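Right, one structure below, let's go through it.
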Amino acid sequence: MNAQLVLYLASVSGAIALWLLMPRGRALPWWRSGLAAMIGVGALGAAWVAVGVRWWGEVDRVASDIGLLGAGYYYVFSGVAILSAVRVITHTKPVYSALWFVMVVVASSGLLVSLAAEFMAFAMLIIYGGAILVTYMFVIMLASQSSPEDVIEEQPEYDRASTEPVWAVVAGFVLLAALLSVGFDAPTANVKASAEEQEMSDAVLIETRLAGRLVVTEEDAARQALSSTPEVDATALSNSERLGMDLFEGHPLAIELAGVILLVALIGAVVIAKTKVPEEIARNAAFRGATPGAGGATVRPTEEAGPDSPEVLGSTRG
Amino acid sequence: MQDTMINSLTFSHYFFTGAVLFVLGMIGFITRRNMIVMFLCTEMMFQGVVVTLAAAAALHGNITGQTFIIFVLTIAAAEAALALGLVILLFRRRQTLDAGAWSELSG
Amino acid sequence: MSPEVAAYIPWVSGLSAVICGLFCLYPQYAKFAAGVCASAVGVGFVIAMGVWFSVPAEGFVNPEPLMRWIEVGRLEANYGVYLDGLTMIMLSVVTGIGMLVVIYAAGYMRGDPGYARFFAAVSIFIFAMTTVVMADNLVLLFLGWEGVGLASYLLIGHEYHRQAAVNAAKKAFIVNRIGDFGVLLGMFCIFDVFGTVRFEGFLPAASELLTGGNGSGLTGEAAVAFAQATEVLKQGGGWLLMAAPFGLMVGAFGKSAQLPLFVWLPDAMEGPTPVSALIHAATMVTSGVYVIARTMPLFELSPYALPTVAVIAGATAILGACIALAQYDLKRVFAYSTVSQLGYMFMGVAALSSTAGVFHLVSHAFFKALLFLTAGSVMHALAGQLDIRKISGLRHKMPVTFVLMGIGCAALAGLPVLTAGFWSKDLVLATTFDRAIATEGGTAFIYLMVGIVGVVTAFVTGYYCFRVWFRVFFGEERYEMGDHHHGGDDGHGDDHGEHGHAHEPHEMDWGMNGPLVVLAIGSVFAGLLLGPTHVVEHLIDKTSAEANALRVGDDATKYEKWVHNLMYAVSAVVAFASLALAFVLHGPWRKVEGDDPVRLKAPRVFGALNSKLWIDEVYAALIVYPVRVMGSVFYVVDAVIVDTVVRGIGVVPRLLGEGARPAQSGRLHGYGLGMALGVAAVVAVTFYAMNRGG
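Chains as they are written, first to last, in the working numbering: chain D, 213 to 530; chain E, 150 to 256; chain S, 9 to 702.
The following block contains the structure:
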């Protein structure tokens with residue numbers, strides 16, 4: 213059977229599974245979730261097999277002879293990332309979506325480790341899983357509506373129902389199928405490098421660069437003399453060291469620009485946060501006007517109208 | 150040890166994972182109505198890109214792919230700050246996170 | 009003085025118009041407007057006089073355009089002057105009479121809220137009128153032609169708060185549009201035939217065509233125009249040459265109030281009296297005569313043009329005179345008299361005698377301006393009263409006006425020997441009969457009939473003008489004040505203005521009577537000076553019809569002495585007869601007071617004439633009403649058919665928009681989905697193509 217056809221079938225199956233899992237404003241029946249899980253897992257497995265078969269013996273491998281355990285890392289992390297991602301977009305509670313997203317970040321960090329990108333893996337964990345996701349959690353907390361105590365807490369409608377599930381799934385998986393079909397052919401023409409060649413090329417790169425830099429000026433020479441490690445062993449460099457060298461040697465302007473972008477985003481966030489909101493001002497004014505009324509008693513929301521109703525507030529004031 | 154289908158990994162494996170993450174993020178952005186979750190989905194699209202970038206770096210034997218991840222993180226952080234600020238602002242005006250509440254542009 | 013200096017005459021008045029216009033914005037200076045305007049017109053008069061004797065007999069044309077204006081393809085219409093005897097006579101009349109009228113108006117209009125505006129418009133008029141008579145091409149002439157129309161409109165509607173004045177202004181403007189259309193058509197024909205609109209180009213060429221020459225005597229532009237005209241005639245373009253004078257004729261009839269376009273002129277008396285005197289009697293309305301006299305060779309080329317003019321002129325003369333004799337309104341009498349006298353002028357030019365037409369133009373300018381201004385004085389004194397049934401025996405109250413109007417009436421009636429009207433009218437009639445003798449068959453009959461009509465008209469004219477004079481100044485002293493201040497009298501600061509209606513009529517001061525005296529002297533002596541001495545004739549014979557007639561070779565029949573002598577006798581008899589009739593019916597010992605004896609004897613005829621033969625009503629029924637109905641029909645057609653079609657077309661984009669509207673749902677997800685679908689489609693198509701190619 214043609215691997216490409218299998219991949220297309222897997223895309224269609226995955227699309228059906230995802231469509232079955234989309235929230236529809238009510239609890240999904242158990243058979244539906246089960247059916248979706250079976251189809252989804254089947255599609256994922258079929259896709260993996262198709263990818264592996266199609267690539268069997270090809271030369272674009274990124275990790276050879278890594279053993280079952282080494283390959284297992286990929287399958288485990290990849291599976292976790294994909295399944296967690298499905299839960300992120302199907303869970304009706306934003307908090308759980310965010311938590312599942314943490315799982316996605318953790319899994320993709322694992323994938324990065326298996327690609328020998330340790331520094332970025334940990335940076336991702338710290339920045340995404342730590343900083344950004346915590347910020348998200350804060351926002352979710354801040355923006356959750358305070359519901360009266362006697363109302364049974366329920367997710368709002370906009371969290372329980374999805375929009376345009378069919379078309380979104382169709383668009384997504386058409387895109388996926390197209391991307392994967394190009395993945396079959398394009399890399400064969402690219403540079404092929406084994407692990408040794410890869411290290412060699414990096415070593416040559418760094419040696420030539422550093423050597424060039426080191427002898428350019430007397431100042432450089434003096435700095436080198438002061439340095440405790442005058443000879444750079446490129447092959448012995450860690451991932452972080454190589455990354456740092458590439459970053460600061462190769463992309464100094466880009467990193468400056470990144471700093472500027474962060475600064476601008478910071479200022480922008482402050483401005484946005486301090487913006488006065490007319491509705492809120494009106495609400496606050498109404499609320500302040502209401503509190504001293506009715507003999508100083510705390511205004512209780514009545515059964516008919518909520519606390520935000522200006523009519524109720526006006527009448528109690530009188 | 151002889152390379153087998155199981156014990157060797159290709160770029161396409163990682164590309165597959167990255168593409169799936171990207172597409173799932175995109176689908177989530179379209180289907181979810183909660184603005185916070187929508188932005189969460191865009192972060193997931195970044196995840197797909199990150200995985201693909203790392204795989205490409207390994208494929209080409211070039212560290213630059215990993216360097217780009219740093220910039221992706223930078224943009225993601227900036228976007229998160231601004232987007233969440235906007236979400237809070239919009240929430241303060243309408244007391245809802247429903248993106249459908251903001252449809253004044255309708256023709 | 010070099011002839012080019014004449015080019016400054018319009019611009020002096022133009023400057024005056026600007027200054028007076030500024031005075032409108034700064035009312036505290038408005039009192040200087042009359043002085044500015046009078047000085048400007050006076051300077052123009054002085055320049056005209058100074059230039060007079062330096063203009064060569066064959067005419068003067070500035071060699072280079074003084075100012076470039078329109079140069080499109082072969083069409084060259086630049087600013088330049090064309091000076092000859094005819095132009096100089098017109099210039100002198102326009103600036104001279106204009107100056108006198110402005111001086112009179114300085115007193116007459118005092119206290120008018122639109123004082124500066126009035127003199128600004130008069131300055132515009134002088135600017136445009138001098139442009140008309142000095143233009144060296146038809147396009148520039150047309151510019152001035154429209155300019156005098158504009159000034160006329162502004163001045164008729166000077167009291168824009170009165171509905172009657174506004175209606176009269178609109179009527180004058182719209183009727184003149186018809187004539188202007190004719191001028192345009194004539195201009196197009198001339199350009200088509202001769203390839204030029206410059207007088208020095210097409211006039212000599214037309215004369216050459218008339219005399220049947222081969223163009224060898226022509227030089228420069230005229231030779232080119234002649235060559236082109238010959239070519240056009242060979243190719244069957246003769247009808248253009250025949251049509252051109254008819255186009256100009258329509259324009260002349262419109263501007264000079266001839267049948268059937270005369271209806272606007274009587275209504276134009278809604279304007280202040282000085283305007284009636286200057287524009288609607290002395291100058292603007294004669295521009296039609298000027299245009300025909302100027303382009304006379306063209307009219308001679310067409311065998312039907314001049315007889316047509318003669319018939320129209322005769323009909324207008326008798327019609328205007330008859331209507332005038334049954335009017336009670338002082339100014340209306342003179343308005344219809346103007347229509348009638350303009351008929352005389354056209355009679356003159358139609359009889360191939362520019363001399364007669366222009367001579368009558370000059371003398372008429374004097375005595376009709378005088379009559380209008382004295383009528384204005386009466387009106388001024390009586391707080392707007394113009395009904396001659398309610399005025400009687402004013403000769404003791406207003407002795408100077410009494411004498412001046414008498415002189416004007418005598419000139420209009422053509423009392424023998426002394427008055428200008430006698431000489432000019434005789435010349436017109438005599439040349440008409442001359443023409444009848446010189447031609448044969450139908451044309452001769454036409455000219456004979458027109459001449460007889462002219463004599464009858466002379467009798468009617470004498471009767472109606474003395475009727476007015478006797479009614480107003482003789483008999484029992486009796487008058488009713490006007491119930492409203494007429495003309496520019498509203499709110500003026502004179503003594504009688506302050507005392508309301510209870511004041512006595514009084515004589516005008518000499519600031520206003522002075523110009524009238526000058527006009528009266530002109531009315532008397534202009535005829536003697538210009539008539540028997542043949543001054544006018546000598547002045548314009550180089551460029552006038554007589555010159556062509558001489559060249560054609562029928563000079564033997566011109567100036568038959570006995571015709572003129574007979575005419576003098578007949579005119580004298582007719583004038584005295586009319587005076588006698590008026591004396592009997594309306595003289596100091598008249599039997600009927602406060603009404604017209606003719607009305608009592610023949611009420612139907614008098615009523616018909618008093619109602620102006622219902623011409624306005626006929627026009628309303630024949631033209632205005634059908635146009636109105638047509639407009640209603642078109643409106644319905646427009647509303648039902650055109651609008652439906654247009655709206656139907658308009659529905660299409662709306663439907664398209666309705667179809668595309670859901671795309672702009674305003675929902676974020678809709679946009680996101682659209683983008684995702686687009687990306688997916690583009691990527692899929694691209695990679696499909698790549699895979700197939702690979």
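Yeah, the Cβ is synthetic: ideal placement off N, Cα and C, and Gly gets one too. Note that the structure is predicted; figures quoted are calculated from it, not measured.
### Task
Please state if the CB of ILE331 of chain S and the CB of TYR344 of chain S are separated by a distance shorter than 7 Å.
If you check the CB distance, TYR344 of chain S and ILE331 of chain S come in under 7 Å.
### Message
Per the DSSP calculation, TYR90 of chain S is bridged to which residue(s)?
### Response
DSSP, once it has assigned bridges, lists S:VAL69 as partnering TYR90 of chain S.
### Message
Given this structure, state the Cα-to-Cα distance separating GLU491 of chain D from PHE240 of chain E, to the nearest angstrom.
### Response
One C-alpha to the other measures close to 11 Å.
### Task
Starting from the Cα of ALA466 of chain D, find the closest Cα among E:ALA248, E:ILE219, E:ARG242 and E:GLN244 and give me that residue.
It is E:ILE219 whose Cα lies nearest to the Cα of ALA466 of chain D.
### Task
Specify, as a first and last residue, the run of the alpha helix (DSSP H) that ARG607 of chain S falls within.
605-609 is the span of the alpha helix (DSSP H), which, as asked, contains ARG607 of chain S.
### Collapsed DSSP secondary structure at ALA328 of chain D in the structure displayed
The answer is coil: DSSP assigns ALA328 of chain D none of H, G, I, E or B.
### Query
Among D:LEU256, D:VAL489 and D:ARG454, which residue has its Cα nearest to the Cα of GLY291 of chain D?
Comparing Cα positions, the closest option is D:LEU256.
### CB contact flag (MET353 of chain S, LEU369 of chain S, <7 Å)
Contact: yes.
### Query
Can you list, in chain order, the residues of its chain whose CB lies under 6 Å from that of GLY602 of chain S, leaving out five sequence neighbours each side?
Answer for GLY602 of chain S: ARG397, listed in chain order.
#### Entry: Short CB-CB distance (under 7 Å) between VAL691 of chain S and chain D
VAL691 of chain S belongs to the set of residues whose beta carbon lies under 7 Å from a beta carbon in chain D.
### Message
Does any residue of chain E have a CB that is nearer than 7 Å to the CB of ALA355 of chain D?
### Response
Yes, its Cβ sits closer than 7 Å to a Cβ of chain E.
#### Entry: Closer than 7 Å at the beta carbon, the chain E residues around GLY680 of chain S
Contact of GLY680 of chain S with chain E by beta-carbon distance below 7 Å involves PHE178 and ILE179.
### Query
Do you know offhand how far HIS372 of chain S's Cα is from LEU435 of chain S's?
Rounded to whole angstroms, HIS372 of chain S to LEU435 of chain S spans 13 Å at the Cα level.
### Task
Provide the residue span of the alpha helix (DSSP H) that contains ARG479 of chain S, from first to last.
In the DSSP assignment, ARG479 of chain S falls within the alpha helix (DSSP H) that extends over 449-481.
### Task
List the DSSP bridge partners of ALA85 of chain S.
Paired residues: S:ILE78.
### Message
Tell me which residues share the same chain as MET184 of chain E and place their Cβ nearer than 6 Å to its Cβ, disregarding the 5 neighbours each side in the sequence.
### Response
Short of 6 Å from the beta carbon of MET184 of chain E, and not among the five residues preceding or following it, lie these beta carbons of its own chain, in chain order: VAL236, LEU246 and ALA248.
### Message
Against PRO377 of chain D, what residues of chain E qualify as contacts under a CB-to-CB distance less than 7 Å, listed in chain order?
### Response
Neighbours of PRO377 of chain D in chain E, taken as residues at a C-beta separation under 7 Å, are given in chain order as THR180.
### Query
What three-state label does DSSP hand LEU208 of chain E in the structure shown?
Looking at LEU208 of chain E - three-state DSSP - the assignment turns out to be helix.
### Where HIS166 of chain S falls, given that 16 or more other Cβ within 10 Å makes a residue buried
Classified as buried, HIS166 of chain S has 16 or more neighbouring CB atoms from the shown chains inside 10 Å of its CB.
#### Entry: Cβ of ALA685 of chain S within 7 Å of any chain D Cβ
The residue asked about is misnamed: residue 685 of chain S is Leu in this sequence, not Ala. Yes, its Cβ sits closer than 7 Å to a Cβ of chain D.
### Query
Given that TYR308 of chain D touches chain E, what residues does it touch there, using C-beta distances under 7 Å?
Simply none; closest approach about 10 Å.
### Query
Looking at the C-beta of LEU676 of chain S, does it have a partner C-beta in chain E at a distance below 7 Å?
Yes, its Cβ sits closer than 7 Å to a Cβ of chain E.
#### Entry: Spatial neighbours of VAL606 of chain S in its chain, beta-carbon cut-off 6 Å, leaving aside the 5 residues before and after
So the list reads PHE614, once near-sequence residues are dropped.
### Query
Closest Cβ-Cβ distance between VAL386 of chain D and chain S: below 7 Å?
Taking 7 Å as the threshold, the shortest C-beta distance from VAL386 of chain D to chain S falls below it.
### Message
I want to see whether chain S comes within less than 7 Å of MET193 of chain E, judged by CB atoms only; does it?
### Response
Answer no: the Cβ-Cβ gap between MET193 of chain E and chain S never drops below 7 Å.
### Message
Here's a check: name, in chain order, each residue in its chain whose Cβ is nearer than 6 Å to the Cβ of LYS179 of chain S, leaving out the five neighbours to either side.
### Response
Cβ contact annotation for LYS179 of chain S (same chain, cutoff 6 Å, sequence separation greater than five): TRP272 and ASP275, in chain order.
### Task
Could you tell me the distance, in whole angstroms, from the CA atom of LEU608 of chain S to the CA atom of LEU91 of chain S?
In a straight line, the C-alpha of LEU608 of chain S is about 54 Å away from that of LEU91 of chain S.
### Beta-carbon neighbours of LEU391 of chain D, restricted to chain S and to distances below 9 Å
Near LEU391 of chain D (Cβ distances below 9 Å), the residues of chain S are VAL691 and PHE695.
### Message
With distance defined between alpha-carbon atoms, name the residue in S:SER62, S:VAL141, S:TYR471 and S:LYS242 nearest to ALA585 of chain S.
### Response
The residue from S:SER62, S:VAL141, S:TYR471 and S:LYS242 with its alpha-carbon nearest to that of ALA585 of chain S is S:TYR471.
### Query
For the alpha helix (DSSP H) that contains ILE219 of chain E, what are its first and last residues?
In the DSSP assignment, ILE219 of chain E falls within the unbroken alpha helix (DSSP H) covering 213-243.
### Query
Using a C-beta to C-beta distance shorter than 9 Å, which residues of chain S count as neighbours of ALA222 of chain D?
The contact set of ALA222 of chain D on chain S, defined by CB atoms closer than 9 Å, is empty, because the minimum CB distance reaches about 16 Å.
### Task
Please report how far the alpha carbon of PHE396 of chain D lies from the alpha carbon of SER161 of chain E, in whole angstroms.
With a pLDDT of only 48 at PHE396 of chain D, under 50, the local geometry of the prediction cannot be trusted, and the value read off the model is given with reservation. Looking at the two C-alpha atoms, the distance is approximately 8 Å.
#### Entry: When S:MET406, S:ASP120 and S:ALA129 are compared against VAL44 of chain S, the one with the closest alpha-carbon
Ranking S:MET406, S:ASP120 and S:ALA129 by Cα distance to VAL44 of chain S puts S:ALA129 first.
### Query
Where does the unbroken alpha helix (DSSP H) through TYR576 of chain S begin, and where does it stop?
Annotation for TYR576 of chain S: the continuous alpha helix (DSSP H) segment containing it runs 569-594.
### Message
Less than 8 Å between C-beta atoms, sequence neighbours within five positions excluded: which residues of the same chain meet that for PHE460 of chain D?
### Response
Same-chain partners within the cutoff: ILE467.
### Message
Am I right that GLY392 of chain S and GLY490 of chain S are in contact with their C-beta atoms under 8 Å? What's the rounded C-beta distance?
### Response
That pair is a contact at about 3 Å.
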